[in-house]
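Undergrad:
Residue numbers (the numbering used here): 755 to 897.
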């Protein structure tokens, strides 16, 4: 009984969209920064849309100490969010340029360049901007 059902499931037609799901291991690589600064839920994976890799959507950090670290988890989050949005715009543009049907999860993606900070709550946006300004001031004093 179960074997028959399994065989029938294998015969199901494949989706029309060209994307693959891959584990997000490559996005936790050492060269990208300490993995402890990033957090991903199980199931939050990178996707490949017709050859264009989109990293997993970054999750808001829960471990900010608010003490002005040189590399704040909110800075890492903002950078990761910007990379995620840039990759999604690139994937959608690719589908539109090739006149292919756009996958449903890319349908609402705006092609307009926006700052990843715009997606943050106002309090966090102000905090991240303050952190970035303090880091620039610190770097200019060291040079």
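C-beta: ideal position from N, C-alpha, C; glycine also.
1. Just the C-alpha distance for residue 873 and residue 896, rounded to the nearest angstrom, thanks.
2. Alpha carbon to alpha carbon, how far is residue 869 from residue 778? Give it in angstroms, no decimals.
3. I'd like the span of the alpha helix (DSSP H) that includes residue 830, first residue to last.
4. Measure the beta-carbon distance from residue 827 to residue 818 and round it to whole angstroms, keeping in mind my assumption that it falls under 8 Å.
5. Looking at C-alpha atoms only, which residue of 852, 834 and 860 is the closest neighbour of residue 815?
6. What are the partner residues of residue 882, as DSSP defines its beta bridges?
7. In three-state terms, what does DSSP make of residue 800?
8. If you count every other CB in all the chains shown that lies within 10 Å of the CB of residue 810, and 16 or more means buried, which is it?
9. When we look at the beta-carbon of residue 842 and count the other beta-carbons within 10 Å, is it buried (16 or more) or exposed?
10. Who are the Cβ neighbours of residue 845 in its own chain at under 7 Å, not counting the five residues just before and after it?
11. Would you list the one or two residues that DSSP bridges to residue 808?
12. Helix, strand or coil: which one does DSSP assign to residue 893?
13. Buried or exposed for residue 824, going by 16 or more other Cβ atoms inside 10 Å?
TA: This is what the structure gives:
1. Translated into positions along the chain shown, residue 873 becomes position 119. Translated into positions along the chain shown, residue 896 becomes position 142. Approximately 32 Å between the Cα atoms of the pair.
2. Your numbering for residue 778 matches position 24 in the chain shown. Your numbering for residue 869 matches position 115 in the chain shown. In this prediction, residue 778 scores a pLDDT of 45, lower than 50, which makes its location untrustworthy; no coordinate-derived value is stated.
3. Taking the first residue of the chain shown as 1, we reach residue 830 at position 76. 827-851 is the span of the alpha helix (DSSP H), which, as asked, contains residue 830.
4. As a first step, residue 827 must be located in the chain shown, where it is residue number 73. As a first step, residue 818 must be located in the chain shown, where it is residue number 64. With a Cβ gap of about 5 Å, residue 827 and residue 818 count as contacting.
5. To locate residue 815, count along the chain shown from 1; it is residue 61. Of 852, 834 and 860, the residue nearest in Cα terms is 834.
6. On the chain shown, residue 882 is found 128 positions in, with the first residue counted as 1. None; residue 882 has no bridge partner.
7. Taking the first residue of the chain shown as position 1, residue 800 is located at position 46. Residue 800: strand per DSSP, three-state reduction.
8. Here residue 810 corresponds to residue number 56 of the chain shown, with the count starting at 1. Classification of residue 810: buried, given that the 10 Å Cβ count is 16 or more.
9. The residue given as residue 842 occupies position 88 in the chain shown. Buried, by the Cβ-count rule.
10. To locate residue 845, count along the chain shown from 1; it is residue 91. Taken in chain order, the residues that qualify are 803, 806, 808 and 860.
11. Walking along the chain shown from the start, residue 808 turns up at place 54. Bridge partners of residue 808: 801.
12. Translated into the one-based positions of the chain shown, residue 893 becomes position 139. Of the three classes helix, strand and coil, the one that applies to residue 893 here is helix, per DSSP.
13. Counting from 1 along the chain shown, the entry for residue 824 is found at position 70. That one is exposed.
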